[in-house]
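K.L.:
Sharing a structure here in structure tokens format.
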Amino acid sequence: MALFTQRLVGGLLILFLAAALGFVGLAWQIVSYGNASVDSHADAALVLGAAAWGNKPSPVYRERINEAIALYKAGRVRYLVFTGGTPEPGYPAEGEVGRKFAIEHGVPAALVLFETSSRTTWQNLVNARELLVPVGIRTVLLVSDPLHMRRAMAMASRLGLDAAPAPTSSSRTLTTFCSAGRCDRSPSRDGFGTLHRNGRIRATRRERHAENAWPAARSRSLFLFTEI
């Protein structure tokens with residue numbers, strides 16, 4: 000009996016160590032993509048959608064848009080491509096909000112492409128692919144949050160996109176609590192922070208659709224991870 004117990008404990012310990020090593024390896028790959036430097040050129044910056052608050056981008060989305068604008072102004076890309084639909088009919092789509100923000104900040108309208116029907120990262124990429132061919136875009140710099148980059152690049156590869164990672168320098172994260180028809184955004188340490196390229200995480204939760212993106216009459220709590 001004692002021998003059996005020792006073997007059982009030993010086996011469980013080996014399984015635990017194997018799982019821990021696997022987790023560390025995966026985390027390292029994710030952080031590596033998040034630390035990737037953007038030193039290459041491409042035809043376009045493809046910006047993955049994030050929440051829009053009414054006609055304005057959320058802090059998370061604004062960081063992505065600003066990264067794309069910086070790439071354009073640095074001469075690294077010619078076009079900007081924005082993706083993302085709307086949580087419900089009647090509200091501005093993420094793609095439209097991104098396009099408007101970029102134009103207001105100096106990017107010519109003729110060089111900004113967008114789609115308005117996607118709801119997931121996979122759909123972002125599928126719909127964006129349909130926009131690229133007609134204007135001759137063959138290569139893209141994929142713009143998203145550092146911790147989302149590895150997953151996004153894997154999807155882009157599956158879709159046959161010639162993409163290179165362009166993670167944001169920092170990504171604002173936010174947790175929003177909606178109750179009794181009112182949404183409160185709290186800039187506390189628990190819910191509002193920065194994801195840096197060096198992998199430090201102050202906050203890892205953000206809402207997908209907040210305040211102006213949902214009818215005020217609804218009551219719910221939104222606690223979603225950094226990327227859906």
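In numbering that gives the first Met the number 0, the protein residues as written are 0 to 227. Yeah, the Cβ is synthetic: ideal placement off N, Cα and C, and Gly gets one too. Everything numeric in this text was worked out from a predicted model, so none of it was measured.
Please check the pair residue 71 and residue 106, which I expect to be a contact at CB under 8 Å, by giving their CB distance rounded to whole angstroms.
P.N.:
6 Å between Cβ atoms; contact.
K.L.:
Please list, in chain order, all residues of the same chain as residue 48 whose beta carbon is under 6 Å from its beta carbon, the five residues on each side excluded.
P.N.:
Once the five neighbours on either side are set aside, the close Cβ partners of residue 48 are 82, 83, 93 and 123.
K.L.:
Three Cβ pairs or more, each shorter than 8 Å: is that satisfied between the region 117-134 and the region 39-47?
P.N.:
As far as the Cβ criterion goes, the region 117-134 touches the region 39-47, which means the pair count is three or higher.
K.L.:
Within the same chain, show all residues whose beta-carbon is closer than 8 Å to that of residue 77, passing over the 5 residues directly before and after it, in chain order.
P.N.:
So the qualifying residues of the chain are 42, 43, 71 and 110.
K.L.:
Return the bridge partner residues of residue 165 from the DSSP annotation.
P.N.:
In DSSP, residue 165 forms a bridge with 142.
K.L.:
Which two residues bound the contiguous alpha helix (DSSP H) that contains residue 130?
P.N.:
Its alpha helix (DSSP H) spans residues 120-131.
K.L.:
Name the one or two DSSP bridge partners that residue 56 has.
P.N.:
Residue 56 pairs with 51.
K.L.:
Consult DSSP for residue 151 and reduce its assignment to one of helix, strand or coil.
P.N.:
Of the three classes helix, strand and coil, the one that applies to residue 151 here is helix, per DSSP.
K.L.:
Take every Cβ of the region 152-161, pair it with every Cβ of the region 52-67, and state whether three or more of those distances are shorter than 8 Å.
P.N.:
No, the region 152-161 is not in contact with the region 52-67.
K.L.:
Residues in the same chain with beta-carbon distance under 7 Å from residue 130, minus the five sequence neighbours each way, listed in chain order, please.
P.N.:
Correct list, in chain order: 80, 112 and 114.
K.L.:
Compute the Euclidean distance between the alpha carbons of residue 220 and residue 96, then round it to the nearest angstrom.
P.N.:
Low confidence applies to residue 220: its pLDDT is 32, below 50, so where it sits in the model is not reliable, and the reading given next is rough at best. Near 24 Å, if we compare the C-alpha coordinates of residue 96 and residue 220.
K.L.:
For the alpha helix (DSSP H) that contains residue 43, what are its first and last residues?
P.N.:
Run containing residue 43: none in the alpha helix (DSSP H); it sits in the beta strand (DSSP E), 43-46.
K.L.:
Does the distance from the CB of residue 108 to the CB of residue 139 come in under 8 Å?
P.N.:
Against a cut-off of 8 Å, the Cβ pair of residue 139 and residue 108 comes out as no contact.
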